[in-house]
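Respectively, the protein sequence lines represent chains H and D.
Position 20 of the first sequence, counted from 1, bears residue number 20 in UniProt numbering, the numbering being contiguous throughout.
Position 185 of the second sequence, counted from 1, bears residue number 185 in UniProt numbering, the numbering being contiguous throughout.
Even glycine gets a Cβ: it sits at the ideal position worked out from N, Cα and C.
A short write-up of the structure that comes next.
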Amino acid sequence: MFDKYIVVEDSLRASDPEHRNLAVDVRMPYYRGLGLSMVEGVDLVVDGTPVPPTATTFTVHGRTYDMTDLPGVLDDRWEMGEPAEIGFTLDRPLTSGPHEVTASVRLRISYMPVPGGGRDTKTLVLA
Amino acid sequence: MSSAQSEVLGAIRRGVSLYSYQEEFFLRTMSLEDCIAHVSSIGATGVEVIPEQSLVGYPDITDAQVEQWHGWMSRYGTTTSATDLFLDTKRVAGRWLTHDEQVASFRADIDLAVRLGAPVIRAIINTPPEVMRDAAPYARDAGVRLLLEVHAPFHYEHPWILEHLEVMHAEGGVALGLMPDMGTFVERFPRVVSDRAIRDGARKDLVDYIVKLYDDHGDTHALMDIVHYRGGGPVEMGLARQATHFIYRDPEELLPHMPLIGHIQAKFYEMVDDSSEYSIPYDRIVPVLEKGGFNGFLSSEYEGNRHIQDAFPVDSREQVRRQHAMFSALLGETDDHTRTA
């Protein structure tokens, strides 16, 4: 329902001069907040190459989790519309310029018999 | 007339669920206070809130947040008409919440409703009847009523609802009841939904087939199969699935259940002007509610944003205002607060 808003515009950035440690902001395609234990994952694909979940982190309101630890987090939440910072590390540096970023948010919504979530692809420019 | 007078006269009151402003609230172009102010600006007096949507930090809502909420209710001349609860049965990975955990989840949401001043609570449709039964005494002691949403494709003769009705009648309907969603009275297929499918690349012939079958109130049970036989892809299948999740029932079916009905979710997809919703015949629904003596809130639930946001600007305020202009006229209000300034 909010798929087109998942990847936040202009949010791709690097935290090191080599451009191997990067981050992008992602919102949850849902009309309410959700406990992190129900966020099964946020999968990133950068320029057609999937980023392994083990190489990504998830940060909301200043708290950082390994992506693969989210299913066990019962005391924190991803609020409606709140940009989560997805940190990720690549084997090779990402060049400055435009990159195609796809984020798939996988949610476990109790009243739905099928997996919830959504997917969005945007072209973001790395400074 | 004021809301206090309406209560005395037993009239239907107008309200809005803040769900209606989800597009703007998500994008931070409307704050929580902006949403409440808009409800007030159109002469509505009831604010329905989904705490998990509107209140940061759920379930640990602070006293300061609650105080701020009541401050807004007082400033804008509104009251909390309802809170909407969810039941996250799949909260813990790999297992289902136990019955006791589900009842505990209800109790926490009852406590929050009381703090926010809500007289009724929307219980989500996936709530098992036995959870309603075992949460009822706690709700009764707290002075609030748990209302099961009756949401399409469910209806009042559906086996799942019949099981719930049995529990409600056994309880006496004091702490338990129903919250009908007007999405069970979708007489005509919402064009915002079929137009979106076309924009997403759906085949026109299959879209026309789906819409016509729905509008003829034909049997949609095998619609996904038929669309598949005709070579439909994911977009056409998605539209077919939606058609099986809208239903049209005679609004008069509400009448036998009126003693249990404590609140109405006035779902809508597209107000075409100040007097009609494209799909849902409110001009026939409101008289049924009046005939049944309903005196709770008719609470707007705008859900069109998701179908138009790909191509058009979303203006939830204008859509809600139009619905209230329609309600105001249907309810025979004389001092009209719903006209645009």
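Have a look at the DSSP bridge pairing and note the partners of residue 265 of chain D. Paired residue(s): D:181 and D:299.
Segment limits, alpha helix (DSSP H) that includes residue 167 of chain D: 159–171 is the extent of the alpha helix (DSSP H) around residue 167 of chain D.
What number of angstroms, rounded off, separates the C-alpha of residue 102 of chain H from the C-alpha of residue 55 of chain H? The alpha-carbon of residue 102 of chain H is positioned some 16 Å away from that of residue 55 of chain H.
Got a sec? Which residues, its chain only, sit under 6 Å from residue 19 of chain H by beta carbon, not counting five neighbours each side? So the qualifying residues of the chain are 93 and 94.
Contact list for residue 91 of chain D against chain H, beta-carbon separation under 9 Å: Near residue 91 of chain D (Cβ distances below 9 Å), the residues of chain H are 35, 37, 38, 74, 108 and 110.
Just to check my reading of the structure: residue 47 of chain D and residue 15 of chain D have Cβ atoms closer than 8 Å, yes? What is that Cβ distance to the nearest angstrom? With 8 Å as the limit, residue 47 of chain D and residue 15 of chain D qualify as a contact, their Cβ atoms being about 7 Å apart.
Closest residue to residue 266 of chain D among D:171, D:152 and D:194 (Cα-Cα distance): Of the listed residues, the one whose Cα sits closest to residue 266 of chain D is D:152.
When you measure from the CB of residue 175 of chain D to every non-hydrogen atom of the ligand COA, does any distance come out below 6 Å? With respect to the ligand COA, the structure shown offers nothing to examine, as it has no ligands at all.
Using only alpha-carbon positions, find the residue among H:77, H:121, H:124 and H:105 that is nearest to residue 115 of chain H. Per the Cα distances, H:105.
Would you please verify whether the beta carbon of residue 115 of chain D is less than 7 Å from any beta carbon of chain H? Residue 115 of chain D has a beta carbon lying at 7 Å or more from every beta carbon in chain H.
Apart from the five residues just before and just after residue 7 of chain D, which ones in its own chain have a Cβ nearer than 7 Å to its Cβ? Only weak support exists for where residue 7 of chain D lies, its pLDDT of 47 falling under 50; the value from the coordinates is given anyway. If the five residues before and after residue 7 of chain D are omitted, its C-beta is found closer than 7 Å to no C-beta atom of its own chain.
Measure the CB-CB distance between residue 36 of chain H and residue 76 of chain H and report whether it falls below 7 Å. The answer is yes: Cβ separation under 7 Å.
First through last residue of the beta strand (DSSP E) which encompasses residue 65 of chain H: Here the beta strand (DSSP E) through residue 65 of chain H covers 63–66.
CA-to-CA distance, residue 162 of chain D to residue 316 of chain D, given in whole angstroms: Near 35 Å, if we compare the C-alpha coordinates of residue 162 of chain D and residue 316 of chain D.
Return the chain-ordered list of same chain residues with a C-beta closer than 7 Å to the C-beta of residue 329 of chain D, the five sequence neighbours on each side being excluded. Once the five neighbours on either side are set aside, the close Cβ partners of residue 329 of chain D are 275.
In chain D, which residues lie less than 7 Å from residue 2 of chain H when you measure between Cβ atoms? In chain order: 26.
Starting from residue 114 of chain D, trace the beta strand (DSSP E) both ways and give me its first and last residue. No beta strand (DSSP E) holds residue 114 of chain D; the alpha helix (DSSP H) holding it covers 99–116.
Neighbour-count burial assignment, residue 120 of chain H, 16 or more Cβ in a 10 Å radius: With 16 or more other Cβ atoms within 10 Å, it is buried.
Helix, strand or coil for residue 290 of chain D per DSSP? The answer is helix: DSSP assigns residue 290 of chain D an H, G or I state.
Does the Cβ of residue 112 of chain H have 16 or more other Cβ atoms within 10 Å, making it buried, or fewer, making it exposed? Exposed is the call here.
Would the region 90–98 of chain D count as touching the region 111–119 of chain D if we require 3 or more Cβ pairs under 8 Å? Because the criterion of three Cβ pairs below 8 Å is not met, the region 90–98 of chain D and the region 111–119 of chain D do not touch.
Can you look up residue 7 of chain D in the DSSP assignment and give me helix, strand or coil? Unreliable positioning characterises residue 7 of chain D in this predicted model, as indicated by a pLDDT of 47, which lies under 50. The coordinate reading is nonetheless provided below. Residue 7 of chain D falls in the helix class under three-state DSSP.
Check whether the Cβ of residue 79 of chain H lies closer than 7 Å to any Cβ atom in chain D. Chain D, which has a Cβ nearer than 7 Å to the Cβ of residue 79 of chain H, makes this yes.
Measure from the alpha carbon of residue 23 of chain H to the alpha carbon of each residue in H:8, H:2, H:80 and H:49, then state which is nearest. The shortest Cα separation from residue 23 of chain H among H:8, H:2, H:80 and H:49 belongs to H:8.
Using three-state DSSP, classify residue 126 of chain D as helix, strand or coil. Residue 126 of chain D sits in coil when the DSSP states are folded into three classes, being neither helix nor strand.
Is the number of C-beta pairs between the region 141–157 of chain D and the region 174–185 of chain D that are closer than 8 Å three or more? With the cut-off at 8 Å, the region 141–157 of chain D and the region 174–185 of chain D touch.
Have a look at residue 136 of chain D and residue 61 of chain H and give me their C-alpha separation to the nearest angstrom. When rounded, the distance between both Cα atoms is 36 Å.
Residues bridged to residue 247 of chain D by DSSP? Residue 247 of chain D is not bridged to any residue.
Can the beta-carbon of residue 126 of chain H be found closer than 7 Å to that of residue 12 of chain H? Between residue 126 of chain H and residue 12 of chain H, the gap from beta carbon to beta carbon is short of 7 Å.
Tell me which residues of the region 285–318 of chain D have at least one Cβ-Cβ distance to chain H shorter than 7 Å, keeping chain order. Residues passing the 7 Å Cβ filter: 306, 309 and 310.
Sub-7 Å separation of residue 256 of chain D and residue 284 of chain D beta-carbons: No; because the gap between Cβ atoms is not below 7 Å, this pair is not in contact.
Is the Cβ of residue 65 of chain H closer than 7 Å to any Cβ of chain D? Cβ-Cβ to chain D under 7 Å: no for residue 65 of chain H.
Cα-Cα separation, residue 89 of chain D to residue 17 of chain H: Each residue's alpha carbon lies about 45 Å from the other.
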